[in-house]
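Note sheet for the following structure.
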Amino acid sequence: MNTVIRVRNYRNTEEALGDIASFHLPHLPLSVLLYGTVIMAEGAVNDLRALAYASRDLDAKVYSGRHSGRDALLIVLPHMDTLSGLLPDQDSPLIRCINDYWYDRETVIPTAQGVIRANGPMIMGILNVTPDSFSDGGKYFDHDAAFARAESMVEEGADIIDIGGESTRPGAAPVSTEEELSRVVPIVKRISSSLNVPISVDTMKPEVARAAVEAGAAIINDISGLNDPDMVAAVAETGAAAVVMHMRGRPATMQNDVVASTYGDVVADVMWYLHNRIEVAEDAGVSRERIIIDPGLGFGKTFDHNLELLRRCREMRCLGQPVLIGASRKQFIGHLVGAVANERTGGSVGAALVAAINGAAIVRVHDVKETAQALRVVTAITRGA
Ligand code: 7PJ
10 MNTVIRVRNY RNTEEALGDI ASFHLPHLPL SVLLYGTVIM AEGAVNDLRA
60 LAYASRDLDA KVYSGRHSGR DALLIVLPHM DTLSGLLPDQ DSPLIRCIND
110 YWYDRETVIP TAQGVIRANG PMIMGILNVT PDSFSDGGKY FDHDAAFARA
160 ESMVEEGADI IDIGGESTRP GAAPVSTEEE LSRVVPIVKR ISSSLNVPIS
210 VDTMKPEVAR AAVEAGAAII NDISGLNDPD MVAAVAETGA AAVVMHMRGR
260 PATMQNDVVA STYGDVVADV MWYLHNRIEV AEDAGVSRER IIIDPGLGFG
310 KTFDHNLELL RRCREMRCLG QPVLIGASRK QFIGHLVGAV ANERTGGSVG
360 AALVAAINGA AIVRVHDVKE TAQALRVVTA ITRGA
């Protein structure tokens, strides 16, 4: 089906009223939108028609309209109890969407180095082996220092180590393939041969991806969303898992002229992009369960877009993939707390907790120790100690 379906969770009446206006629902009581289960489906008219038909079985009210530039349905399920008998039925796209939204299942991700399994949010610790990354550039450029940092992150609670050899901050100098290979491959080899932790490699270059997996990496983290067809091929061939991230524009210029109207509904637009990238990857032979999705906080987004993506993070689970959130030390946090990058730990932990509570499977962070401690408490509260 060429649709994107998601449970919609409104923050307040104003936000719900916005959707009411675009679906011409003058008679629908606001309380139903705020307290019922609201599903937004967008896409091809024929698929929407089939969904509208199927939703009759669920005692739903269905309204058609437009949303974020697409044909859309708003499906309102006023009573959750009408669903109780239907929840195990995985074949209905609507039920699958509700299940993905609400139920925390075990995360299972096959990678190039075995299967990653987790019952709660995982921590991906950032290791930049660059001379110029924005918050810790130069610190771990030296291989011994990088290895020592990887070791300490594992002790502090990192479940995955993400190694990056190219800075993606706006205006950073591009790095040649040879240079990136020489920064990344030796450290991947060293970590994979002596630490028991899955390694992810933050790269946009297929040559680096292939060499990194050969050296022991499990996951390719491509901020360009598998934009290069050869990168899709590299992921398919190597059996690596892939983080597919949304970015608007290219790193050097992505923050130029981003405004509120860059997106209609930022969550909808990001989900459509990710939906299409998943299809491209699947067509090239990358199995769906190997794909992790990421809205790409800070990559061509305004301050408000970043906050909205974090607040509505759970909606993205309706694509059926584990969600990764990278908020750590980013500018939108600096904007709120007024601190330089390496003094944004508290703000970053706050964002990571919101992501975890909102269903993120992986949080990508610099401050592993503090995040692990905070997540330990959140997990005990939300899932039991
Ligand atoms: C992200 C990333 C992110 C993923 C960077 C920084 C900039 N990869 N690589 N998600 N950010 N998947 O760490 O601030 O948000 S580099």
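Converting from the sequence shown to the numbering used here requires adding 9 to each position, the first position being numbered 1. In this text, a Cβ means the ideal position worked out from N, Cα and C, and glycines have one as well.
| Item | Value |
| --- | --- |
| For the ligand 7PJ, is there any heavy atom lying closer than 7 Å to the beta carbon of R252? | As written in the sequence, residue 252 is Val, which differs from the Arg given in the question. Yes; taking the cut-off as 7 Å, the Cβ of V252 has a heavy atom of the ligand 7PJ nearer than that. |
| Which same chain residues, not among the five before or five after A336, have their C-beta less than 7 Å away from its C-beta? | L306, L319, I342, S357, A360, A361 and A364 |
| Kindly indicate which residue of R321, A220 and V138 has the alpha-carbon position closest to the one of V332. | R321 |
| Identify every residue that forms a DSSP beta bridge with D303. | M254 |
| Which residue marks the beginning of the alpha helix (DSSP H) containing P195, and which one marks its end? | T186 to S203 |
| Going by DSSP, what residue range makes up the beta strand (DSSP E) through N230? | I228 to D231 |
| Measuring alpha carbon to alpha carbon, tell me which of R373, N11 and E288 ends up nearest M131. | R373 |
| Going straight from the alpha carbon of Y112 to that of G129, what length do you get? | 12 Å |
| Roughly how many whole angstroms lie between the Cα atoms of G52 and M254? | 21 Å |
| Taking the beta strand (DSSP E) that E51 falls in, what are its first and last residues? | T46 to G52 |
| Just mark Y282 as buried or exposed, buried being the case when its beta carbon has 16 or more other beta carbons within 10 Å. | buried |
| Is any heavy atom in the ligand 7PJ found nearer than 7 Å to the beta carbon of R373? | yes |
| Using DSSP bridges, identify the partner residues of A127. | T116 |
| If we ignore side chains and look at the alpha-carbon of each, how far apart do G258 and G234 end up? | 11 Å |
| Would you list the residues sitting across from R373 in a DSSP beta bridge? | M133 |
| Could you spell out where the alpha helix (DSSP H) holding V222 opens and where it closes? | P215 to E223 |
| Run the proximity test for K214: is its beta-carbon closer than 7 Å to any non-hydrogen atom belonging to the ligand 7PJ? | no |
| Do I301 and A250 come within 8 Å of each other at the CB atom, strictly closer than that value? | yes |
| Which residue marks the beginning of the alpha helix (DSSP H) containing D109, and which one marks its end? | P102 to W111 |
| Would you report the Cα separation of T247 and V222, rounded to the nearest angstrom? | 7 Å |
| Just checking G230 against the ligand 7PJ - is the residue's beta carbon closer than 7 Å to any of the ligand's heavy atoms? | Checking the sequence shown, residue 230 turns out to be Asn, not Gly. Indeed, a heavy atom of the ligand 7PJ lies less than 7 Å from the Cβ. |
| Unbroken alpha helix (DSSP H) runs of length 4 or more, entirely within the stretch 280-367: which are they? | 312-320, 340-346 and 354-366 |
| Could you give the DSSP three-state label for D211: helix, strand or coil? | strand |
| I need the boundaries of the alpha helix (DSSP H) containing G27, first residue and last residue. | T22 to F32 |
| Taking DSSP as the reference, what is the three-state secondary structure of T12? | strand |
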